[in-house]
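In numbering that gives the first Met the number 0, the protein residues as written are 0 to 999.
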Amino acid sequence: MSQPFRTEKGGRIDRAAQLTFTFDGEEMQGHTGDTLASALLANGVHLVGRSFKYHRPRGIVSAGSEEPNALVGIYRNGDQTPNMRATQVELYQGLEAISQNRFPSLGFDIGAVNDLLSPLFPAGFYYKTFMWPKSFWDRVYEPVIRSAAGLGKPPKNADTDVYGNLYAHCDVLVAGSGPAGLAAALAAAETGAKVILCDEQAEFGGSLLSEAGASIDGGTPADWIAATVARLSAMDNVTLLPRTTAFGYFAHNFIALAERVTEHEADADPRLPRERLWQVRAREVVIAAGAIERPMVFPENDRPGIFLADAGRTYLNRYGVKVGHKVLVATACDTAWQAAFDLADQGVEVTAIADMREAPPENLISIARARGIRVEAGCVVTGTLGRKRVRSALLGRLMTSGQVASGGQVDCDAILMSGGWTPTVSLYSQSRGKVVWDAAKGAYVPGTSVQHERSAGAAKGLYGLQATLEDGYAAGEEAARAATGKTAAITRATASGGEAGSGGTLGAIPHDRNASRVKAFVDYQNDVTAKDVQLAVREGMHSIEHIKRYTTTGMATDQGRLSNMNALQIASGALDRPVPDVGLTTFRQPFTPTTFGLFAGVSRGDFFDPVRKTPSHDWAVENGGIFEDVGQWKRTWYFPKDGEDMHAAVARECKTVRDSVGLFDASTLGKIEVVGPDAAEFLERMYTNPWKKLAPGRCRYGLLLNDAGFITDDGVIGRLAEDRFHVTTTTGGAPNVFATMEDYLQTEWPDLDVWITSTSEQYAVAAVQGPKAREVIAPFVDGVDLSADAFSHMSVREATFCGVPCRLFRISFTGELGFEINVPRRHGQMMWETLATEIGKHGGTPYGTEAMHVLRAEKGYIIVGQDTDGTVTPQDAGMTWAIGKKKHDFVGKRGLDRPDLVADNRKQLVGLLTKDPKVQLEEGAQITVSETPATGTPAEGHVTSSYYSPALDRTIALAIVKNGHALEGSTLYVPMPDGSIPVEVTGTVFFDKEGARLNV
């Protein structure tokens, strides 16, 4: 197919680089620099999709990311990506695109019957139908609704593309590269500030890329863009990110950017990601996102061939495409006139300019007449004719009485419309700033900044090229000064032309048609009309948020950027209330639709939940270890010998640790370095225990609560120096403990001079436990006296292990003489293999997590999350000894004083011994007072841990039982399918109650 709507010259496309692409299987041509939308228009394709509800024919409306109609599927690598905006899809050789939401074809869509049946589908019909018969919902209504829902078809295969992720910091982030954005970036960069400039388009320049009637510094806008971008590119302190959308503004000036890296390439480098997520922390932000032209709400304003006026100008001047051969311009503001002039200068017949204002500016009328353009003042479009493309328009004249008189019919194959401009305040609103209503502009504009940002140019309702440039320079200088305290002299560009103009309209355009029968669309994608908004008001929806949900206006992929202001005005009129009183819908992230792949990044497949391995993993595999999953960790469960099942292996491991020595990999424990002059004070506030008087070289068990007073974590904490602590946490609790510490440090106690660092990944830890533990480690440890007197239980020293620096703890989770050796992780395998060989000489054994559980349960040591359930206090666990009696405050202290936490009927941690020592209880089993409780009888508690103890040659268990501490010596029952099991309530320590085996 030829390109009948391509101009003979002009535009920023490369006419020498012809590209072939297909749309719905039909081959067409375009050029490098085209978007899919511009290439389709050049080939005379105006019908590109069907609307969601009525399946009406729809064409391209805009030239940017606000496009509501031209959503297409793009085939690539054997699958398709749905809902791509044709206005943002860059053309490449071999591109395959398909239209959506039609069957069997775009030209003949049987779903269009909905348009004929539209009286049955008014706004909110889904709230009133599908109510009867009730049985139809599952079998009829829901299946039909689900099959009709959505636009486009999801991919069938797994995403094979790669997505990148980068974290960045900068002094100034500039979002948008129009005249204000480029000026702001240049002004900030000249001060030496670190600047990131991003724009969603493939080229920097914004509105200047389609500006043909202005000059900057005596040259064309294109020349100024090229010079400015070249200047910025040459600066080491500037990062330029085209094809990058700032889609989210979060707390503390955290901005999320979506960069399209290879999506525009036919043969992308497989080493590069398709998209890259930039997570940027900026000291200052300049929002230069521009403004969006508003459509006019007149009957049948949705036909293919009806465009925003600025889109028509963009396609002409940037892409060399005429939107039509006979064009009608309908407007209420000055800027659309320039589109008419540009079209006329390119030989396009402009049939008329219909300006609804009674007296448009005389200078514009003169320019139009000089070009032979018919001007109709006080004139509106009251309807259009044509099905798959507009072929004529009905005009109406506004009378002084407010009525509309027929103004005849005008033949045209395209209509350019402009109701004025709306500042793009989405990012500003996401920053939690409150927009304010500007009655003179007929729009909401940014108000007081909440974060460190400022809007510039059209984004804050300031129009006109010269004013926009000046504001951009000022915003950049202000941002750089606020971020760095620096200023710099800069030569500011001077513009001529590109005046701001005046005028604009909101809401529905008056017409002489039957309002109950015509459709004047407010939201194109969701088929919301002016009468739908009015109906919502009549049915009691008086808040714009309610109107939005009742009609679905503003809920399309453009988030209402084209529809919101018109919907507000229509609702305002129906309610007879000012627009600000009606409210404004919320602008949410992301600014434009963003792929799931971008958010997932590399977190897919094996990387979605990465497997973490300990330093002993390979050795354990080679030596027959059996593994269990503990969160993300692969931990050795037990080490069976030939002929042993799990129970036999665990029993042997436990007995060996008690009789000789065992080796356990404790690398998975969380480790946090707490450093600074106020380190002891910080821990004093975080943990229940006292820390200020703990001497360097000593350790203490630490108990952590939440604000409510419940146990959330525990671990041993060693003081290495006056200002340094080594904190250990549970394996699963490490991230939460670190986050909790950071939260308190930043928000509650920012005055403390202390910093925390997660070192969980930095250390490999081997626990050597048992009577012969000292003999095993002695040959390899230097720099510390290991004797019982010099290095007693709960001590820590810095030493060396096989010449490698280590932190040596004398602590135990087994009740035996124990040492935990921490070495840099890269030496972990060496340490493990050395110790594994040595324990073999002493009749020892490596042991896994199951033996560890048995050994700790014999001593009554709790595991947070197993023996606690989020409602257990230190008193409940019998651990009041861990609470500093003289401490005036710590996290959770006030929670512990609540009446319900000191009540007599609380569930408390106890030990259980079955009457039959060979019967093992099931973990989670319920506990009752009666041997045969009636159905519905509340349980008194449940079993938390249950094991066979080789040391006692019987089963043991821990449980949480109501008033458990007072029931010691009593008999309770554990009902099971085969009958109740009688148990005796005991203390939690079953073995070596005096602790004599620790202190040797």
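Built from N, CA and C at the ideal position, the CB exists for glycine as well.
Judging by CA-CA distance, which residue of the options is the nearest neighbour of residue i?
{"i": "residue 580", "options": "459, 356, 438", "result": "438"}
{"i": "residue 107", "options": "343, 56, 65", "result": "56"}
{"i": "residue 303", "options": "387, 183, 239", "result": "387"}
{"i": "residue 851", "options": "907, 886, 781, 769", "result": "769"}
{"i": "residue 64", "options": "318, 416, 290", "result": "290"}
{"i": "residue 419", "options": "499, 989, 656, 346", "result": "499"}
{"i": "residue 150", "options": "52, 230, 132, 59", "result": "52"}
{"i": "residue 875", "options": "965, 817, 843", "result": "965"}
{"i": "residue 236", "options": "940, 336, 186", "result": "186"}
{"i": "residue 516", "options": "94, 121, 985, 90", "result": "121"}
{"i": "residue 1007", "options": "994, 951, 920", "result": "In the structure as shown, the chain begins at 0 and stops at 999. Residue 1007 is therefore absent and cannot be evaluated."}
{"i": "residue 894", "options": "878, 872, 909", "result": "872"}
Is it right to say residue i is buried, meaning 16 or more other beta carbons lie within 10 angstroms of its own, or is it exposed?
{"i": "residue 641", "result": "exposed"}
{"i": "residue 253", "result": "exposed"}
{"i": "residue 673", "result": "buried"}
{"i": "residue 452", "result": "buried"}
{"i": "residue 0", "result": "A caution first: residue 0 carries a pLDDT of 49, below 50, which makes its placement in the model too unreliable to give a value."}
{"i": "residue 664", "result": "buried"}
{"i": "residue 223", "result": "buried"}
{"i": "residue 547", "result": "buried"}
{"i": "residue 533", "result": "buried"}
{"i": "residue 125", "result": "exposed"}
{"i": "residue 131", "result": "exposed"}
{"i": "residue 142", "result": "exposed"}
{"i": "residue 880", "result": "exposed"}
{"i": "residue 375", "result": "buried"}
{"i": "residue 296", "result": "buried"}
{"i": "residue 691", "result": "exposed"}
{"i": "residue 475", "result": "buried"}
{"i": "residue 747", "result": "exposed"}
I need the DSSP call for residue i, collapsed to helix, strand or coil.
{"i": "residue 0", "result": "Confidence at residue 0 is low in this model, with a pLDDT of 49, below 50, so the placement of that residue is unreliable and no value is reported for it."}
{"i": "residue 860", "result": "coil"}
{"i": "residue 925", "result": "strand"}
{"i": "residue 248", "result": "strand"}
{"i": "residue 69", "result": "coil"}
{"i": "residue 832", "result": "helix"}
{"i": "residue 164", "result": "strand"}
{"i": "residue 647", "result": "helix"}
{"i": "residue 565", "result": "helix"}
{"i": "residue 1007", "result": "This structure does not reach residue 1007, given that the chain is present from 0 up to 999, and the question cannot be answered."}
{"i": "residue 1013", "result": "What is shown of the chain runs 0 to 999, which leaves residue 1013 out entirely."}
{"i": "residue 56", "result": "strand"}
{"i": "residue 560", "result": "coil"}
{"i": "residue 187", "result": "helix"}
{"i": "residue 364", "result": "helix"}
{"i": "residue 841", "result": "coil"}
{"i": "residue 673", "result": "strand"}
May I ask you to list the residues that DSSP assigns as paired with residue i?
{"i": "residue 442", "result": "437"}
{"i": "residue 393", "result": "382, 408"}
{"i": "residue 332", "result": "502"}
{"i": "residue 945", "result": "956"}
{"i": "residue 821", "result": "764, 806"}
{"i": "residue 704", "result": "710"}
Considering only heavy atoms of the ligand PLP, does any lie closer than 8 Å to the CB of residue i?
{"i": "residue 438", "result": "The ligand PLP is not part of the structure shown, which contains no ligands of any sort."}
Who are the near neighbours of residue i in its chain, counting only those whose CB is closer than 6 Å to its CB and skipping five residues on each side?
{"i": "residue 54", "result": "108, 110, 111, 113"}
{"i": "residue 463", "result": "498, 499"}
{"i": "residue 299", "result": "382, 383"}
{"i": "residue 859", "result": "987, 988"}
For residue i, I'd like the list of residues in its chain whose CB is within less than 8 Å of its CB, leaving aside the five on either flank, ordered along the chain.
{"i": "residue 689", "result": "683, 883, 885, 886"}
{"i": "residue 165", "result": "275, 276, 277, 278"}
{"i": "residue 447", "result": "432, 433"}
Report all residues from its chain with a CB closer than 7 Å to the CB of residue i; omit the five preceding and five following residues, and keep chain order.
{"i": "residue 231", "result": "184, 185, 188, 196, 237, 239"}
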